[in-house]
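Numbered per full-length UniProt numbering, the sequence shown spans residues 1 to 174. A virtual CB, placed ideally from N, CA and C, is assigned to each residue, including glycine. In this text the structure is predicted, and so the values were computed from the model without any measurement. For reference, the structure is listed below as structure tokens.
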Amino acid sequence: MMESTVHPPEATVTVRLTLNGIPVTVGVSPNAILLDVLREQLGLTGPKKGCDHGQCGACTVHVDGRAMNACLRLAVMCEGQAIITIEGLAGAGHLHPVQQAFLDHDAFQCGYCSPGQIMSAVALLEDRRIAGDVATVREAMSGNLCRCGAYQNILAAIQDARLRLHGQEGGDKT
């Protein structure tokens with residue numbers, strides 16, 4: 001008689017969340033990472049898989065209004081939470097002011113880091129406790145890496161978006 005091994009079907013957990021303003025129910029493996037669920041199960045490829053260690057920021061999304069690295073969060077932890085990805089940032093027929101500023105200031109090179117950079121910049125600008133001076137903005141954005149070195153243009157875009165959003169001087173722009 002031949003020996004056989006039977007592997008039980010992978011257990012799934014049902015997670016209910018709001019994704020870019022739309023209620024979503026998805027079955028996930030208990031150890032599934034949010035980034036993989038967003039990209040592979042839900043088809044949202046804006047958040048990028050960069051380092052898979054929370055060090056590059058390419059996978060930044062907003063979870064209940066806070067910027068987070070989707071590669072470090074289990075999908076089951078998102079039960080009942082609201083998640084915004086770069087795909088859900090723009091309004092009806094127009095870009096978010098940060099997206100528009102990135103275009104206006106040529107803050108893209110290859111574009112791989114751009115969704116994470118934009119999501120982090122939006123969170124930074126929504127947190128009124130974070131000062132607008134160049135040093136503070138650089139520190140706040142330090143978790144987002146750009147291999148192409150577009151940092152000066154990214155900084156200019158963030159400072160411009162600050163003016164667009166808040167109508168106030170964001171500090172020294174150089």
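Legend entry - Distance, alanine 92 Cα to proline 23 Cα: Position 23 of the sequence shown, counted from the first residue, corresponds to residue 23. Position 92 of the sequence shown, counted from the first residue, corresponds to residue 92. About 18 Å.
Inset, instruction - Tell me whether proline 97 is buried or exposed, calling it buried when 16 or more other Cβ atoms sit within 10 Å of its Cβ. - result: Indexing the sequence shown from 1 puts residue 97 at position 97. With 16 or more Cβ atoms within 10 Å of its Cβ, proline 97 is classed as buried.
Inset, instruction - Would you kindly work out how many angstroms separate the C-alpha atoms of histidine 94 and glutamine 100, rounded to a whole number? - result: Taking the sequence shown and counting its residues from 1, the one referred to as residue 94 is at position 94. Taking the sequence shown and counting its residues from 1, the one referred to as residue 100 is at position 100. Distance between histidine 94 and glutamine 100, taken at the CA atoms: about 9 Å.
Inset, instruction - Report the rounded CA-to-CA distance for glycine 132 versus alanine 123, giving the unit in angstroms. - result: Stepping through the sequence shown from its first residue, residue 132 is reached at position 132. Stepping through the sequence shown from its first residue, residue 123 is reached at position 123. Cα to Cα, the separation comes out at about 13 Å.
Legend entry - Residue span of the beta strand (DSSP E) that contains asparagine 69, given as start and end: As a working note, residue 69 is residue 69 in the sequence shown. Per DSSP, the continuous beta strand (DSSP E) segment holding asparagine 69 begins and ends at 66–69.
Inset, instruction - Quick one: residues in its chain with C-beta nearer than 6 Å to the C-beta of arginine 16, no 5 flanking neighbours on either side, listed in chain order? - result: Counting from 1 along the sequence shown, the entry for residue 16 is found at position 16. Once the five neighbours on either side are set aside, the close Cβ partners of arginine 16 are Thr25.
Legend entry - glycine 57 beta carbon less than 8 Å from that of asparagine 144: Numbered from its first residue, the sequence shown carries residue 144 at position 144. Numbered from its first residue, the sequence shown carries residue 57 at position 57. Annotated as proximal: asparagine 144 and glycine 57, with beta-carbon spacing under 8 Å.
Legend entry - Limits of the beta strand (DSSP E) - the one that alanine 82 falls within: As a working mapping, residue 82 is identified with position 82 in the sequence shown. Per DSSP, alanine 82 belongs to the beta strand (DSSP E) from 82–84.
Legend entry - proline 115 classed as buried or exposed, judged by whether at least 16 other C-beta atoms fall within 10 angstroms: The residue given as residue 115 occupies position 115 in the sequence shown. In summary, proline 115 is buried, with 16 or more beta-carbon neighbours lying within 10 Å of its beta-carbon over all protein chains present.
Inset, instruction - Grab me the residues of glycine 46's own chain with a C-beta within less than 6 Å of its C-beta, minus the 5 sequence neighbours each way, in chain order. - result: For the purposes of this step, residue 46 is identified with residue 46 of the sequence shown, where counting begins at 1. So the qualifying residues of the chain are Thr85, Ile86, Glu87 and Pro115.
Inset, instruction - Express the C-alpha separation of threonine 60 and isoleucine 118 in angstroms, rounding to a whole number. - result: Numbered from 1 along the sequence shown, position 118 holds the residue referred to as residue 118. Numbered from 1 along the sequence shown, position 60 holds the residue referred to as residue 60. Take the alpha-carbon of isoleucine 118 and the one of threonine 60: they are about 9 Å apart.
Legend entry - Beta-ladder partner(s) of arginine 16, from DSSP: Taking the sequence shown and counting its residues from 1, one reaches residue 16 at position 16. Arginine 16 pairs with Thr25.
Inset, instruction - Ignore the nearest five residues each way along the sequence and tell me which others in glycine 21's own chain have a CB closer than 7 Å to its CB. - result: Sequence index remark: in the sequence shown, residue 21 carries index 21 (1-based). Counting only Cβ-Cβ distances below 7 Å, and skipping sequence neighbours, we find Gly88.
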